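Here's the structure, in structure tokens; my notes come after.
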Amino acid sequence: MRDVKLGLLRVIQDPRSSLRERDLAQSSLERIEELENRQIYHWTEMARFALLTEAKNRIIGKQAATKIDSFLKRHRIRKE
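The numbers in our numbering rise by one with no breaks, and the one at position 51 of the sequence shown is 51.
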């Protein structure tokens, strides 16, 4: 998990990354940290983690990952 976090931090700090890529990396990093502190997982959270893994391994393209991430954000459980 540490290598995923470091990869996200590199994207956030890279000035060559687009604003959308940095935003996606930032929100993903925040969600990872939230999930590490909780025990309950919703299907959208597990799917976002899988999406990060797929994107990291370059199985899925950036544009597709962004669209899937947007879908998962719309369907996640809202904080109470």
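We put the CB at the ideal spot given by N, CA and C, even for glycine. Predicted, not measured: the structure shown is a model, and the values here were computed from it.
* To do: Could I get the ranges of all uninterrupted alpha helix (DSSP H) runs contained in the region 27 to 72, with 4 residues as the minimum, in chain order?
  => Counting whole runs of 4 or more residues, the region 27 to 72 contains the alpha helix (DSSP H) stretches 43 to 56.
* For E80, which three-state DSSP category applies? -> By one-based count along the sequence shown, residue 80 stands at place 80. Any reading at E80 is ruled out, since the residue's pLDDT is 49, under 50, leaving its predicted position unreliable.
* Buried or exposed (CB count within 10 angstroms, at least 16 for buried), E80 -> As a working note, residue 80 is residue 80 in the sequence shown. With a pLDDT of 49 at E80, under the threshold of 50, the predicted position of this residue should be treated as unreliable, and no value is reported.
* Which first and last residues belong to the alpha helix (DSSP H) in which D3 is found? -> For this step, residue 3 is matched to residue 3 along the sequence shown. Per DSSP, the continuous alpha helix (DSSP H) segment holding D3 begins and ends at R2 to Q13.
* How would you label D14, buried or exposed, when you count the other beta carbons within 10 angstroms and need 16 or more for buried? -> Along the sequence shown, read from residue 1 onward, the residue named residue 14 stands at position 14. With fewer than 16 Cβ atoms within 10 Å of its Cβ, D14 is classed as exposed.
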